[in-house]
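Q: Please see the structure below; I have some questions.
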Amino acid sequence: QKEVEQDPGPLSVPEGAIVSLNCTYSNSAFQYFMWYRQYSRKGPELLMYTYSSGNKEDGRFTAQVDKSSKYISLFIRDSQPSDSATYLCAMIKNTDKLIFGTGTRLQVFP
Amino acid sequence: DVKVTQSSRYLVKRTGEKVFLECVQDMDHENMFWYRQDPGLGLRLIYFSYDVKMKEKGDIPEGYSVSREKKERFSLILESASTNQTSMYLCASGHRGLLNTEAFFGQGTRLTVV
Chain H
14 QKEVEQDPGP LSVPEGAIVS LNCTYSNSAF QYFMWYRQYS RKGPELLMYT YSSGNKEDGR
74 FTAQVDKSSK YISLFIRDSQ PSDSATYLCA MIKNTDKLIF GTGTRLQVFP
Chain W
8 DVKVTQSSRY LVKRTGEKVF LECVQDMDHE NMFWYRQDPG LGLRLIYFSY DVKMKEKGDI
68 PEGYSVSREK KERFSLILES ASTNQTSMYL CASGHRGLLN TEAFFGQGTR LTVV
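Protein chains in written order, with our numbering: chain H, 14 to 123; chain W, 8 to 121.
Below is the structure:
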């Protein structure tokens, strides 16, 4: 079983929709949770990171962590065509090893 | 601006060749990472280094080795390239204590082994 599971998609939504992206994990040692965004032919870039269970908001993006269920989510409000990218969840244990999910490809059409 | 530079964007090599992928960062980061990215499999950690001359195996180190002789440079070596090593290779760097910072990625090297 993979340590981090993520639905690869693709996910196709109309502009303005609310998008929900999710990851589950199996190892309760994971402490920090991140979302990276990767545009086509580019390296991933950090979007948000969270530590504790609960929500963290940054503009149109909300990251949610539920440690009891080992489940994290990223919500995108009022999605835009420029949000079209692959979104990767990532997690860190007590070392600096950064473990990624498979990524979900999102397409927002006008 | 943080910069992580990978030596090549595209590379084509023959089976059995020894291949060197180079990565340089300019932010004095202690940690450096090599991942490969394949459709449906995401980013898988090959090796990472938390200091000069230090290295730790990731999830898929077989067929690869690494070298970190200087803090800013982390090299990935394919000892004898095989077709199943055709992939996108991504280098990343970050400060020690990634719990409070982030990893920065290079643009990637798309390697094709024929």
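Built from N, CA and C at the ideal position, the CB exists for glycine as well.
Keep in mind that this is a model prediction, so the values were computed, not measured.
For chain H, check one thing: does any of its Cβ atoms lie closer than 8 Å to the Cβ of glutamate 69/W?
A: no
Q: In whole angstroms, what separates the C-alpha of serine 81/H from that of arginine 73/H?
A: 26 Å
Q: Would glycine 49/W and leucine 119/H be called neighbours here (beta carbons separated by less than 8 Å)?
A: no
Q: If we define contact as Cβ-Cβ less than 8 Å, is arginine 43/W a contact residue for chain H?
A: Not an interface residue.
Q: For aspartate 58/W, name the three-state secondary structure that DSSP assigns.
A: strand
Q: Have a look at Trp41/W, Tyr71/W and Gly115/W and flag the residue whose alpha-carbon is nearest the alpha-carbon of glutamine 51/H.
A: Gly115/W
Q: Among residues of its own chain, excluding the 5 on either side of valine 26/H, which ones have a beta-carbon nearer than 7 Å to its beta-carbon?
A: Val32, Ser92 and Val121
Q: For serine 53/H, which of Gly116/H, Thr99/H and Ile105/H has the nearest alpha-carbon?
A: Thr99/H
Q: If you compare alpha carbons, which of Tyr38/H, Asp79/H and Arg90/H is closest to glutamate 28/H?
A: Arg90/H
Q: Take methionine 47/H as the anchor and find which of Thr117/H, Ser65/H, Val78/H and Ala103/H has the nearest alpha-carbon.
A: Ala103/H
Q: Could one say the Cβ of phenylalanine 113/H lies closer than 8 Å to chain W's Cβ atoms, at least one of them?
A: yes
Q: Between the alpha carbons of valine 31/W and lysine 25/W, how many angstroms are there, rounded?
A: 20 Å
Q: By DSSP's criteria, glycine 101/W is part of a beta bridge. Which residues make up the other side?
A: Asn38/W
Q: Determine which residues of the stretch 90-104 of chain W have a Cβ less than 8 Å from any Cβ of chain H, and write them out in chain order.
A: Leu97, Ala99, Gly101, Arg103 and Gly104
Q: What residues in the stretch 10-39 of chain W bring their beta carbon closer than 8 Å to a beta carbon of chain H?
A: Val11 and Asn38
Q: Between methionine 39/W and the rest of its own chain, which residues show a CB-CB distance below 6 Å, the 5 nearest in sequence each way excluded?
A: Ser56, Phe81 and Ser100
Q: Once the 5 residues before and after lysine 62/W are set aside, which same chain residues still bring their CB inside 6 Å of it?
A: For lysine 62/W, where only same-chain residues beyond five positions count, the Cβ hits under 6 Å are Tyr54, Ser56 and Val73.
Q: Run through DSSP, which three-state label would proline 94/H get?
A: helix
Q: Applying a beta-carbon distance threshold of less than 7 Å, which residues of chain W neighbour lysine 83/H?
A: Within chain W, no residue comes near lysine 83/H; the closest Cβ sits about 18 Å away, beyond 7 Å.
Q: Does the distance from the CB of threonine 115/H to the CB of leucine 34/H come in under 8 Å?
A: Remark: C-beta atoms of threonine 115/H and leucine 34/H do not approach each other more closely than 8 Å.
Q: How many angstroms separate the CA atom of lysine 69/H from the CA atom of isoleucine 105/H?
A: Rounded to the nearest angstrom, the two C-alpha atoms are 18 Å apart.
Q: Which residues in chain W sit within 8 Å of lysine 110/H, going by Cβ to Cβ distance?
A: Leu52, Phe55, Glu63 and Gly65
Q: Express the C-alpha separation of threonine 75/H and methionine 61/H in angstroms, rounding to a whole number.
A: 9 Å
Q: Evaluate phenylalanine 112/W with the Cβ neighbour count: other Cβ atoms within 10 Å of its Cβ, from every protein chain shown; 16 or more gives buried, anything less gives exposed.
A: Counting Cβ neighbours within 10 Å, phenylalanine 112/W comes out buried, since at least 16 surround it.
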